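Report on the structure given below.
Protein chains: 4
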Amino acid sequence: MANSKNNARVPKQNRGIESKEKIIKAATALFTEKGYHKTNAMEIAARAEIATGTFYSYFNNKKEVFAEIIERIFRNISENVLLNFELKTQDTPTNTYKEAHLLAHFLINRILSEYKVNSKLLKQILAMALLDKEIEKIRHKEEKKQIDLLVSFMHTYKEYIRISDFEAAAVLLLKCAEEMMHQIKFNSTGVEKERLIQQMEDIVLRYLLPES
Amino acid sequence: MANSKNNARVPKQNRGIESKEKIIKAATALFTEKGYHKTNAMEIAARAEIATGTFYSYFNNKKEVFAEIIERIFRNISENVLLNFELKTQDTPTNTYKEAHLLAHFLINRILSEYKVNSKLLKQILAMALLDKEIEKIRHKEEKKQIDLLVSFMHTYKEYIRISDFEAAAVLLLKCAEEMMHQIKFNSTGVEKERLIQQMEDIVLRYLLPES
Amino acid sequence: MANSKNNARVPKQNRGIESKEKIIKAATALFTEKGYHKTNAMEIAARAEIATGTFYSYFNNKKEVFAEIIERIFRNISENVLLNFELKTQDTPTNTYKEAHLLAHFLINRILSEYKVNSKLLKQILAMALLDKEIEKIRHKEEKKQIDLLVSFMHTYKEYIRISDFEAAAVLLLKCAEEMMHQIKFNSTGVEKERLIQQMEDIVLRYLLPES
Amino acid sequence: MANSKNNARVPKQNRGIESKEKIIKAATALFTEKGYHKTNAMEIAARAEIATGTFYSYFNNKKEVFAEIIERIFRNISENVLLNFELKTQDTPTNTYKEAHLLAHFLINRILSEYKVNSKLLKQILAMALLDKEIEKIRHKEEKKQIDLLVSFMHTYKEYIRISDFEAAAVLLLKCAEEMMHQIKFNSTGVEKERLIQQMEDIVLRYLLPES
DNA sequence: GATGAATGAGCATTCATTCAT
DNA sequence: GATGAATGAATGCTCATTCAT
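Protein chains in written order, with the numbering used here: chain D, 85 to 296; chain R, 85 to 296; chain W, 85 to 296; chain B, 85 to 296.
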């Protein structure tokens, strides 16, 4: 496991890049359909229409493919978030209320739009982040980015915000928004999406905005 | 899988009850130490100092032990919560502010005290609830209980509370508190426990209490 | 297997006889439903509503129960056959043709009426007689009886019969009749019962009777 | 059982074909020596000098090897029978008696020559055809072929034959011949081969030929 | 480089049989 | 005598990984 030889090939020719892409595509499909634990390397290779041996020239094991998949997903998300953030901050803000709303919308919509990820695959990612140190690390890196972004966002509007511990606030608000999103995606409690979003907005506004 | 014979032995003699307890104790230890997936039935039996066959007379497979373990944990938690709730509501409340504080403390402390569960085992439970339908069901049942309890709590103090969608509020607040607890337990972001609790309290008070 | 201790208890008290009967009844049901190989001792005991240990005080293993069951079945059959035979031979025969018909009917009806045994259990018995020496021996003993009976029957009417090798004839006719019965019971070829019986009669008459 | 993954490898390289043949050879030997039920997959693999896993890449379980073995045996038999049949019918027949004799010999000799199969293996096949639906199906397919062939044979000589229900006749004659063969092979009654064959011929001739 | 056959340790599960109560 | 819990060897099957072609 830990002492796996680090000899996974980095493809430089087109054929190699193609094979790697085929593996990742096949693995994503299988992890989504059957879950990470019930998928095995031979199966991924078969679905990717390559030989078992070829799989092992690109990845040392199943976990590496999974890691690569979630890194790509997170990279995608981060790019979208950054884009979103820049768009929002380009607008010249005029009043407090609008700012706060922006913030709330930022949180909610970003999270919602981010996780376009297939719900089954998302469950696999969340579970693996709990079970495996390496996957956990990848997820934490991503979360750190989001927190930093939110903290810097708060800084931009700090004069309109009633709280001061931006970091703790960012952690709680992001986690709360994320959980709201899971509730909606996994639909575990049966409370409707609209009601959750409305209350989430209310929480954010009341928490961040001073008495008007 | 689905067609597992429903022939798990129900111990009638003292010896049998002892064996079952030994299995659950050993399994809990191993799931905590090595995680669910890296633990196997033979190992549990060995640790419990019983034969492999004995394991399979009490449980049809590893998952059933896991299910029994978390059901016990949740039963424990529910009992504690109920106790806590009854103690709090016996006090004769005098003013709004105190009520809200009670609510906030209720949320935070309950969650904190609840999850005395070993952090590693907790991760296993959370992960399995994402990966396995049956474990998910057990967890959802528990969450439903907690939501209902919080909703009924809000009803008791409804005249002091500014919001009206108690159900959506309960879901969000519980999830947010739970996530805060996970942040503290798993210490992923490095923000200190006290700061998180303080902000959490602030969120709850601002969200629930009207302008004073 | 072979060196199993011969310590199966012979029940002398009523309770013991009852238990043994319960075991045989339960085993018969299970062998019929699930087949011999998929039935196990614990299951028989459970169905008989006795303890596993009790099973082993009456029988040394599963095969012994099976042997006892088929011995009883064969004893039953033999008694019926003998009865049938005696009834037929009491009639004072008057002409050749009638005798031959009697013989044909004897063969056909006896076989048909004999094997009232459940078709699934019959398959198990036939298979076990092929797979296991001891069961084979029990079956052969039974077949020997039937052959002897048929041979003695032929002797009684020898003046009307065109053949002389009674033993070989008995073997072939019995086997042929038995197979006809299996065809009817297991319905493998789809040829109707009546057609098979008619042709069987024809075979017997032509074979045994001289030109009239 | 029923939901066995249909992933038995079809060997493409020479090495693979060799392995599959080695498995079938080893399995045939073991089924013959020890019987189907007392043989297990690991043992077959060991005898074939391959790894357990290799066994399972070519067959999903023990039964599949058995099925393949008997299918090959039956294919062989069918080819021989067809050949035999064609040779016989090429001769220009001249009289009734000779035809009937041909038929009798066809039945007897074909059955005898067919079952060159090892007697122990034959017992296993017969038993499994009684115990297992899939094996039963394979055997029935083979029997159907033989019946059809015999019926068409009777048609060719229908003017010399006294009976009209060819299908029922074919079933009974084949079954009777088969049982005779088993008597000879398994030698259960002690009646000599020659006597049985002579009576069998007599049965067939009397049954099929009209009074001359 | 790619292939896919082979490996074999590893794991889940069963069940005939024993034996303490 | 009866009980039923305990045993543990046996077996079916999987799959990550290697390596000859």
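We put the CB at the ideal spot given by N, CA and C, even for glycine. In this text, all values refer to a predicted model and were calculated from it rather than measured experimentally.
### Message
Could you tell me the alpha carbon to alpha carbon distance between residue 265(W) and residue 258(W), rounded to whole angstroms?
### Response
10 Å
query: alpha helix (DSSP H) containing residue 235(D): first to last residue?
result: 217-240 is the extent of the alpha helix (DSSP H) around residue 235(D).
Does the beta-carbon distance from residue 155(D) to residue 222(D) come in below 8 Å?
yes
Taking the C-alpha atoms as reference points, what is the distance between residue 273(R) and residue 250(D)?
13 Å
Use the C-beta contact count for residue 112(W): other C-beta atoms within 10 angstroms, 16 or more gives buried, fewer gives exposed.
-> buried
Beta carbon proximity, residue 290(R) to chain D, threshold 8 Å:
yes
Which residues, in chain order, does the stretch 130-163 of chain D contribute to contact with chain R at a C-beta distance below 9 Å? none
Could you tell me the alpha carbon to alpha carbon distance between residue 109(R) and residue 131(R), rounded to whole angstroms? 9 Å
Handout entry: Interface residues of chain R facing residue 275(D) [CB-CB closer than 7 Å]
Key = Close to residue 275(D), with beta-carbon spacing below 7 Å, are these residues of chain R in chain order: 251, 252 and 255.
* Asked: Going along chain W, which residues have a C-beta under 7 Å from residue 210(B)?
  -> 214
Worksheet item: Looking only at its own chain, which residues have a Cβ that is under 6 Å from the Cβ of residue 149(R), when we skip the five neighbours before and after it?
Response: 111 and 143
| query | Which whole-angstrom value describes the C-beta separation of residue 139(D) and residue 125(D), a residue pair presumed to lie in contact below a C-beta threshold of 8 Å? | reply | 6 Å
Can you give me the C-alpha to C-alpha distance between residue 227(D) and residue 92(B), rounded to a whole angstrom? One C-alpha to the other measures close to 45 Å.
Given residue 277(B), which residues of its chain have a CB within under 7 Å of its CB, disregarding the five upstream and five downstream residues?
-> Scanning its chain for C-beta atoms nearer than 7 Å, with the 5 sequence neighbours on each side dropped, one finds around residue 277(B) the residues 268, in chain order.
(Q) Against chain B, does residue 217(W) count as a neighbour if the rule is that its beta carbon must be under 8 Å from one of theirs? (A) no
Smallest Cα separation from residue 243(W): which of 201(W), 293(W), 153(W) and 145(W)? Answer by Cα proximity: 293(W).
Would you say residue 286(D) faces chain R, with C-beta separation under 8 Å as the test?
yes
Discussion item. With a threshold of 8 Å between beta carbons, is residue 222(W) in contact with chain B?
Written reply: no
| message | Could you check whether residue 136(B) and residue 205(B) sit closer than 8 Å to each other, using their CB atoms as the reference points? | response | No. Outside cutoff.
- Terminal residues of the alpha helix (DSSP H) in which residue 272(W) lies: From DSSP, residue 272(W) is part of no alpha helix (DSSP H); its letter is neither H nor E.
(message) If distances are taken between C-alpha atoms only, which option among 119(R), 153(R), 123(R) and 118(R) comes closest to residue 105(R)?
(response) 153(R)
Check your understanding: Do you know how far the Cα of residue 129(W) is from the Cα of residue 233(B)?
Key -> 50 Å
May I ask you to report which of helix, strand or coil DSSP gives residue 143(B)? coil
In the structure shown, what three-state DSSP assignment does residue 133(B) receive?
coil
Within the 8 Å Cβ cut-off, does residue 268(D) reach chain R?
Not closer than 8 Å to any Cβ of chain R, the Cβ of residue 268(D) fails to qualify, so no.
Quiz item: Under the three-state reduction of DSSP, which class applies to residue 245(R): helix, strand or coil?
Solution: The answer is coil: DSSP assigns residue 245(R) none of H, G, I, E or B.
* To do: Report yes if the C-beta distance between residue 114(W) and residue 211(B) is below 8 Å; otherwise report no.
  => no
Self-check item: Enclosing alpha helix (DSSP H) for residue 277(B) [first to last residue]
Solution: 277-292
Exercise. For residue 280(D), return the contacting residues in chain R, with the cut-off set at a CB-CB distance below 8 Å.
Key: 252, 255 and 256, listed in chain order.
- Looking only at C-alpha atoms, which of 253(B), 270(B) and 230(B) sits nearest to residue 217(W)? 270(B)
| query | CA-CA distance, residue 163(B) and residue 229(B)? | reply | 11 Å
| query | DSSP on residue 157(R), reduced to helix/strand/coil? | reply | helix
query: Nearest to residue 141(R) by CA position, among 103(R), 231(R) and 284(R), is which residue?
result: 103(R)
Please report whether the beta-carbon of residue 86(W) lies at a distance below 8 Å from any beta-carbon of chain B. Reliability fails at residue 86(W), whose pLDDT of 39 lies under 50, so the model's placement of it is uncertain and the value that follows must be treated cautiously. By this cut-off, residue 86(W) is not an interface position.
Discussion item. Can you tell me whether residue 159(W) is buried or exposed? The criterion is at least 16 other CB atoms within 10 Å of its CB, across all chains shown.
Written reply: exposed
query: Of all the options 121(W), 161(W), 122(W) and 248(W), which has the alpha carbon lying nearest to the alpha carbon of residue 280(B)?
result: 248(W)
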